[in-house]
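Below is one structure; the comments refer to it alone.
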Amino acid sequence: MKIKTAIRGQFLDIQTLVQQPEDISGQVRHIEDGLLLIEDGKIIWFGTWQQGQQYLTEQFHVEHYPEQLIVPGFLDTHIHFPQTEMIAAYGEQLLEWLNTYTFPTEIQYQNKDHADRMAKIFIEELLKNGTTTALVFCTVHPQSVDALFEAAQPYNMRLIAGKVMMDRHAPEALTDTAEQSYQDSKALIEKWHEKGRALYAITPRFAPTSTPEQLDKAGQLKAEFPDVYVHTHLSENKSEIEWVKALFPEQNGYLDVYHHYGLTGKKSVFAHCVHLEDSEWNCMHDTDSAIAFCPTSNLFLGSGLFPVQKAWQKQVKIGLGTDVGAGTSFSLLQTANEAYKVQQLQGYSLSAFEALYHATLGSAHALDLDHQLGNFNVGKEADFVVLDLNATCLQQLRQSTISNIEDKLFTLLTLGDDRNVFATYVYGQKVYQKS
Ligand code: GUN
Ligand code: ZN
Numbered sequence: 001m002k003i004k005t006a007i008r009g010q011f012l013d014i015q016t017l018v019q020q021p022e023d024i025s026g027q028v029r030h031i032e033d034g035l036l037l038i039e040d041g042k043i044i045w046f047g048t049w050q051q052g053q054q055y056l057t058e059q060f061h062v063e064h065y066p067e068q069l070i071v072p073g074f075l076d077t078h079i080h081f082p083q084t085e086m087i088a089a090y091g092e093q094l095l096e097w098l099n100t101y102t103f104p105t106e107i108q109y110q111n112k113d114h115a116d117r118m119a120k121i122f123i124e125e126l127l128k129n130g131t132t133t134a135l136v137f138c139t140v141h142p143q144s145v146d147a148l149f150e151a152a153q154p155y156n157m158r159l160i161a162g163k164v165m166m167d168r169h170a171p172e173a174l175t176d177t178a179e180q181s182y183q184d185s186k187a188l189i190e191k192w193h194e195k196g197r198a199l200y201a202i203t204p205r206f207a208p209t210s211t212p213e214q215l216d217k218a219g220q221l222k223a224e225f226p227d228v229y230v231h232t233h234l235s236e237n238k239s240e241i242e243w244v245k246a247l248f249p250e251q252n253g254y255l256d257v258y259h260h261y262g263l264t265g266k267k268s269v270f271a272h273c274v275h276l277e278d279s280e281w282n283c284m285h286d287t288d289s290a291i292a293f294c295p296t297s298n299l300f301l302g303s304g305l306f307p308v309q310k311a312w313q314k315q316v317k318i319g320l321g322t323d324v325g326a327g328t329s330f331s332l333l334q335t336a337n338e339a340y341k342v343q344q345l346q347g348y349s350l351s352a353f354e355a356l357y358h359a360t361l362g363s364a365h366a367l368d369l370d371h372q373l374g375n376f377n378v379g380k381e382a383d384f385v386v387l388d389l390n391a392t393c394l395q396q397l398r399q400s401t402i403s404n405i406e407d408k409l410f411t412l413l414t415l416g417d418d419r420n421v422f423a424t425y426v427y428g429q430k431v432y433q434k435s
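In UniProt numbering, the protein residues as written are 1 to 435.
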């Protein structure tokens, strides 16, 4: 028997991808009394309640959210599952922060029980924040990948993850070798890629922690499995960039290291890209690679200000990333709030609709999942969030003073967090309900 669900309520999404931010408002679809029909996890009809109710046979289980706002599930384009318990670690910039806090925390994930416990907490935290898809770093230990995908499986989440490849400049308990990382990653690809909704990402941590031999192996894997993702860090911090240039003198800059080893492309996502040079922007565009913009992390580690306008000018795909644990929130609402401020400091006022675009359809595009996710188009997978606009007294007061949807959305993005997530649906099923 087919599982049929009908959701009635106020809907908001962006209908199509755009080339310029000025085009987003024309693609906003706001339906005050709408209906979403779902069959076996996929959207089969979407429109107004008035037009859609004729299709509502008694086989449908109907849920009505008269007071809320329903948007596509958020996609987090960069997050570290094994840094959940070290979020908010004080006082350092990237390289010291990794050595002082990150590596000691990640070592614990060699223990599968620990990884299982944390994976469960991590997945629950995503869902509680309305994040239905994420591109996730695990640790160097293959069992950390098993733990994460196993924890996501009961929810049938579209999750992309991979084992870190790291064979130098890290504690011994966190390093593999070029050959071992190839073998382990290959086994994990065969085990998990496209198992249910799971997808695999080849995950060299960043250029400084891989030897040329390991990056070569990563490129070999990508050539053997062109459908899998590549996920790494790029140009986050100025000392990091200098270090890469010293380690790879024969390459023409940081991105060229990855490009040289065949790691750029349509399914390659580079976290941060705060300090890209012009030639690197061109390479990102020419290879159709994507950027995960992680504002809470970039502020927290003092890394710098990512230029969204430059990404539009260069036609480079971007998505929003939390980058927990350098990022300070699992919430894409909070991430949008900080994205706005980071752009304000550069003289660009990110509109509420553009922020929604980056958190949904734009992120889906960055993850090459825009054919399956990112809005309510018929045929897409039914991942969505039911948001409460009035989760606190202050929000209620502020929202009572405004009536148009753009201002309401802006207030939600600026003041909102997990308290605003009323319910989360994955593949048509309710997987979280605020108590
Ligand atoms: N660069 C290399 N590893 C990391 C990490 O774990 N977090 C961040 N923010 N940047 C990195
Ligand atoms: Zn990161």
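Cβ atoms here follow ideal geometry from the backbone N, Cα and C, with glycine treated the same way. Everything numeric in this text was worked out from a predicted model, so none of it was measured.
Keeping to the same chain, check which residues put their C-beta closer than 6 Å to that of residue i; ignore five residues upstream and five downstream.
| i | result |
| --- | --- |
| T175 | M166 and D167 |
| H30 | L12 and I405 |
| N390 | Q396 and Q399 |
| T132 | G73, D383 and V426 |
| I38 | T5, A382 and G428 |
| Y348 | Q309 |
| I353 | The question names Ile, but residue 353 is Phe in the sequence shown. These residues qualify, in order along the chain: I24, S25 and V28. |
| G416 | L333 |
| Q433 | A423 |
| Y65 | G9 and V386 |
| T414 | N337 |
| E125 | F330 |
| H285 | K314, Q315 and V316 |
Please go through the same chain and pick out, in chain order, the residues whose beta-carbon is closer than 8 Å to the beta-carbon of residue i, but skip the five residues on each side of it.
| i | result |
| --- | --- |
| L301 | E92, Q93, L94, W97, E236, N237 and A326 |
| T48 | I31, D33, G34 and L35 |
| H141 | Y109, Q110, A115 and K163 |
| Q153 | G196 and A198 |
| I402 | K408 and T411 |
| L221 | Y182, S185, K186, I189, I202 and V228 |
| F60 | K4, T5, A6 and L37 |
| residue 442 | Nothing about residue 442 can be reported from this structure: the residues present for the chain run from 1 to 435 only. |
| Q143 | Y109, Q110, K112 and A115 |
| V378 | I43, I44, W45 and F46 |
So residue i and residue j are in contact, right, with Cβ under 8 Å, and what is the actual spacing, rounded?
| i | j | result |
| --- | --- | --- |
| A366 | K317 | 5 Å |
| V244 | W192 | With 8 Å as the limit, V244 and W192 do not qualify as a contact, their Cβ atoms being about 30 Å apart. |
| T270 | L320 | Looking at the sequence shown, residue 270 is not Thr but Phe. With 8 Å as the limit, F270 and L320 do not qualify as a contact, their Cβ atoms being about 14 Å apart. |
| L215 | Y261 | 4 Å |
| A151 | A198 | Contact doesn't hold; Cβ gap of about 11 Å is too wide. |
| F422 | L387 | 6 Å |
| L299 | N420 | At roughly 22 Å, the Cβ-Cβ gap does not stay under 8 Å, so L299 and N420 are not in contact. |
| V71 | V385 | 6 Å |
| Y229 | I160 | 6 Å |
| I3 | N375 | Incorrect: roughly 22 Å between the Cβ atoms, too far for contact. |
| T209 | H169 | 5 Å |
| V431 | Y155 | 5 Å |
| A88 | T328 | 6 Å |
| F293 | A339 | 7 Å |
| T322 | T360 | Their Cβ separation, rounded to whole angstroms, is 15 Å, which puts T322 and T360 out of contact at 8 Å. |
| L148 | C138 | 6 Å |
Would you say residue i lies against chain D (beta-carbon separation less than 7 Å)?
| i | result |
| --- | --- |
| T287 | You won't find chain D in this structure, because it holds only one protein chain. |
Return the chain-ordered list of same chain residues with a C-beta closer than 7 Å to the C-beta of residue i, the five sequence neighbours on each side being excluded.
| i | result |
| --- | --- |
| V18 | I24 and Q27 |
| G362 | I318 and G319 |
| G41 | E381, A382, Y427 and G428 |
| G304 | V274, H275 and N298 |
| E194 | none |
| E213 | A178 |
| L350 | V308, A339, Y340 and Q343 |
| I241 | S235, Y254 and H275 |
Confirm the yes/no value for this check: CB of residue i, any heavy atom of ligand 4, distance under 6 Å.
| i | result |
| --- | --- |
| A271 | Among the ligands modelled here, namely ligand 1 and ligand 2, ligand 4 does not occur. |
What residues are listed by DSSP as bridge partners for residue i?
| i | result |
| --- | --- |
| K430 | Y425 |
| D13 | R29 |
| F137 | H80 and G162 |
| A6 | L37 and V62 |
| K42 | E39 and E381 |
| G362 | Bridge partners of G362: none, in fact. |
| S268 | V230 |
| residue 436 | A question about residue 436 goes unanswered here, because the residues of the chain that appear run from 1 up to 435. |
| T131 | F74 |
| T48 | G34 |
Report task. Any chance you could list the residues with Cβ under 6 Å from a heavy atom of ligand 1, keeping chain order? Result -> With the criterion CB distance below 6 Å from any heavy atom of ligand 1, the matching residues run H80, L94, L98, T102, R205, F206, H233, E236, S297, D323 and A326 along the chain.
Requested in this report: Could you name each continuous alpha helix (DSSP H) segment of 4 residues or more that falls completely within the segment 191-255, going from the start of the chain to the end?
Outcome: Within the segment 191-255, the complete alpha helix (DSSP H) runs of at least 4 residues are 212-224 and 238-247.
Requested in this report: Quick one: which unbroken alpha helix (DSSP H) runs of 4-plus residues sit fully inside the segment 298-326? Chain order, please.
Outcome: Listed in chain order, they are 308-314.
Report task. Give, in chain order, every unbroken run of the beta strand (DSSP E) that is at least 3 residues long and sits entirely within the segment 53-126. Result -> The segment 53-126 contains these whole beta strand (DSSP E) runs: 61-72 and 74-80.
Query raised in the report: Mind pulling the beta strand (DSSP E) runs of 3 or more residues that sit fully within the segment 154-187?
Result: Complete beta strand (DSSP E) runs here, min 3: 158-162.
Requested in this report: List in chain order: all unbroken alpha helix (DSSP H) runs of 4+ residues lying wholly within the segment 271-299.
Outcome: If we require 4 residues or more, the alpha helix (DSSP H) runs fully inside the segment 271-299 come out as 278-286.
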